[in-house]
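In order, the protein sequence lines correspond to chains A and B.
Oh and the first sequence: position 142 is 145 in this note's numbering, straight run, nothing missing.
Oh and the second sequence: position 133 is 144 in this note's numbering, straight run, nothing missing.
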Amino acid sequence: MNIIVCIKQVPDAASVKWDREKGTLIRDGVKSVINPFDYNAIEAALQVRDELGGTVTAVTMGPPQAEEAIREAISLGVDQGVVVSDRAFAGADTLATTYTLSKAIEKLGGADLVFCGKQAIDGDTAQVGPGLSVRLGIPCVTCIGDMEVLEGGKGLRVKRMNEFGYDLVEVEFPALFTTIASLNTPRVPSLKGKMRAKKAKIPVWTAEDIGADPDRIGLKGSPTQVASTYIPTFEARKEMLEGSPEEQVEALVERLKGAGIL
Amino acid sequence: MSVNYFLTEEQQMIVELCRQIAEEKIVPVRAELDRNEEFPWEIMKDLAQADLFGLYIPEEYGGLGGGTFENCLAVEQLAWGCIGVTTTFAASALGGYPILLFGSKEQKERYLPDVAAGKKLVAFGLTEAGAGSDAAAIKTTAVDAGDHWVINGTKQWITNGGEAEIYTIIAMTDKHKGARGASAFILEKGDEGFSFGKKEKKMGLRASSTRELIFNECRIPKDRLLGRRGQGFIVAMRTLDLARPGIGAIGVGLAQAALDESVKYAKERVQFGQPIISFQAIQHMLADMATEIEASRALVYAVARTIDGGVKNFSKLSAMSKLFPTDVAMKVTTDAVQVLGGYGYMQEYPVEKMMRDAKILQIYEGTNQIQKNVIAQALNKEYAAK
């Protein structure tokens, strides 16, 4: 069974600072970490492998240093990993990213099962998982908060969490799932895993290696482009209400209605 | 700038991994474990998953083939999180050492792979109600009954009692021979006539289980004798010699945690218009704490490396590596409470637990007074030989 887990290296949210003038993140000197939701994806992939057998491969698209994320995934128990990296991938939106990832997965021989974190904490789009499933032509269930392997190992029974509760969904492989934090408690690395990670050879695949169409990757393949970013400013306004408590409540309700809150 | 102890890449990995476990898995739950006297099964599973139970076990039995030094590095970092949790982990090694040191090939093959994988915890049973520092006064007996042994007696204050699956215990096989009349045995949970007694309520170390082992006409197969008949005290002493640097390392980790809390607090706490770290009274306390911790660490590491280098008689060094760091841990945690003042005495802050926990380090695995006896006896011998 070929299990793929897609991960992304993101700036450590705890140490991120903003350049208020330019409205961008200051990335220099900021530690990179694996996107938090992706740890749940890794754990899910390892659990399925431990139950059904097979190989877990971690795939990441990013700069060459994203190799650290793959090594960490291997220290957690992932069997192997690959970094998809090329200057030509820069500026990719989710359309170009999912295309690129799908080409890498194709080169890996396809997938029976793919896990992605629900979303990356830097972009917050939550589009890569679903988009990738379209590219791969396999069903997708997002935001799974619980899972079990179906009888005979044919697929997964998952809880898709929503604002009202959850849908219980059974899906046969091949399929893609995106994970949320309540799905599992990610394991800590093992010593043997850390030693293996240290020695592991991590291939770096370029656009050419995966046979990507140059017009569909990076900035060129991205219909959405960020025009500008800014840091929202918050202004606090104060107004004192006068009169008896009843009058004050009435005035407050009026204002809340006026602001569209009630 | 910290001291460079020239760790290998693998040793550095052990430190990083154990620190990660301490930060992510132990610190968030330590107060609750302490309050509820709850056995840390979840964390034991994490440690097993991380391969740490196999640290000191040879690769042929599924371990990583590390030595005393690697074990010290691991427990130091775990102890930075909680020494109750760490003692649970370390006691499994204490119970496992007798099998590793004196077990037959069959015994090692039978028990060590499960111990290395963290599937089974081990406990070591020597102490009895009337036999603490005077270990030779034990009253538990093992009688050769032809095709099996019959054990009778009660062991007291056994760490991991009731939770462990495997027990290495010392019992008298030939009372009239005194210390040469003791033998070591392997017991399994579920053995006929083997049960557990009172669970102790303790001042500190409350995440760790401390219980009686009760042997009532307990029958075990002949092949559970560990080492030779009459070798029991040698098994116990060699085991304790090997384990003591680990207790020192636990002291180092605990003291370091107390220092970290103290410095952090002293920088934040403002009195008389300035952070209290700017007062010399506080500065000198912190300076003493930091210096004594580094001296302890250096001693533990040096002794552990000496043992791993292959020396025959290291009782004195091993006693020193337990004595000094654990006295330092008691002093440093007490001073940490002092630096935090009234807040330090409150359960809301972690240092009061650290101080309660620290006391056991001066008592268990041989009181610090017994360590001094061991050191002095060795000096007496060494100088006689010159």
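Idealized CB from N, CA, C, for every residue including glycine.
In this text the structure is predicted, and so the values were computed from the model without any measurement.
- At a cut-off of 8 Å between beta carbons, A/Pro-192 contacts chain B.
- Interface flag for B/Asp-62 against chain A is set, since a Cβ pair is found closer than 8 Å.
- Distance from B/Ile-32 to B/Leu-89 at the Cβ level is roughly 7 Å; contact confirmed, criterion being Cβ atoms closer than 8 Å.
- A contact is defined here as three or more CB-CB pairs under 8 Å, and the segment 218-226 of chain B meets this definition with respect to the segment 161-181 of chain B.
- Of all C-beta pairs linking the segment 45-58 of chain A to the segment 19-26 of chain A, fewer than three are shorter than 8 Å, placing the two stretches out of contact.
- Residue contact check for B/Glu-35 against chain A: a CB pair falls below 8 Å.
- In the structure shown, B/Ser-332 falls within a helical segment according to DSSP collapsed to helix, strand and coil.
- When C-alpha distances from B/Ala-193 are compared across B/Glu-81, B/Gln-349, B/Pro-361, B/Leu-137, the shortest belongs to B/Leu-137.
- The beta carbon of B/Glu-21 sits closer than 8 Å to some beta carbon of chain A.
- Residue environment analysis places B/Asn-47 among the exposed positions, since fewer than 16 neighbouring C-beta atoms fall within 10 angstroms of its C-beta.
- Contacts with chain A at 8 Å (Cβ-Cβ) do not include B/Ile-162.
- A direct Cα-Cα distance of roughly 18 Å separates A/Thr-232 from A/Asp-31.
- Interface criterion met: the Cβ of B/Leu-75 is under 8 Å from a Cβ in chain A.
- For the pair A/Ile-73 and A/Gly-84, the CB atoms are nearer than the 8 Å cut-off.
- In this structure, the beta-carbon distance from B/Glu-279 to B/Val-14 does not fall below 8 Å.
- Neighbourhood of B/Met-24 in chain A, by CB distance below 8 Å: Leu-194, Lys-197, Met-198, Lys-201, in chain order.
- Excluding residues up to 5 positions away in sequence, Thr-250, Leu-253 lie with their Cβ nearer than 6 Å to the Cβ of B/Tyr-108 in the same chain.
- If only uninterrupted beta strand (DSSP E) runs of at least 3 residues are considered, none is enclosed by the segment 225-260 of chain A.
- Leaving aside the five residues that flank B/Tyr-178 on each side, the residues in its chain whose CB is nearer than 6 Å to its CB run, in chain order, Ala-134, Gly-136, Leu-198.
- Counting along the chain, B/Arg-367 sits inside the alpha helix (DSSP H) bounded by residues 362-372.
- Between B/Gln-31 and chain A, the shortest Cβ-Cβ separation is below 8 Å.
- Taking C-beta atoms as the reference points, B/Glu-139 and B/Lys-166 count as a pair closer than 8 Å.
- Taking C-beta separations shorter than 7 Å and ignoring five residues to either side along the sequence, the partners of B/Asp-57 in its chain run Ile-32, Lys-36, following chain order.
- Here B/Tyr-122 is buried, its C-beta having at least 16 other C-beta atoms within 10 Å.
- Not one beta carbon of chain A lies nearer than 8 Å to the beta carbon of B/Asp-234.
- Interface with chain A (8 Å Cβ-Cβ cutoff): B/Leu-237 is excluded.
- In the structure shown, the three-state DSSP call for B/Glu-279 is helix.
- Non-local beta-carbon contacts of A/Val-172 in its own chain, meaning distances under 7 Å to residues more than five positions away in sequence, involve Val-144, Val-161, Arg-163 in chain order.
- Taking C-beta atoms under 8 Å as the contact rule, B/Val-263 and B/Glu-87 qualify, at a distance of about 5 Å.
- Beta-bridge partners of B/His-295 (DSSP): none assigned.
- Those residues of the segment 40-58 of chain B placed with their C-beta closer than 8 Å to a C-beta in chain A are Asp-57, ordered along the chain.
- Using beta-carbon distances, B/Leu-28 counts as an interface residue toward chain A, with a partner under 8 Å.
- Under the three-state reduction of DSSP output, B/Asp-319 falls in the helix class.
- Taken in chain order, the whole alpha helix (DSSP H) runs of length 4 or more contained in the segment 19-100 of chain B are 20-32, 41-47, 52-60, 79-92.
- Measuring C-alpha to C-alpha distances from B/Ala-175 to each of B/Met-24, B/Asp-202, B/Lys-186, B/His-159 identifies B/Asp-202 as the nearest.
- Leaving aside the five residues that flank B/Ala-42 on each side, the residues in its chain whose CB is nearer than 8 Å to its CB run, in chain order, Gln-358, Pro-361, Lys-364.
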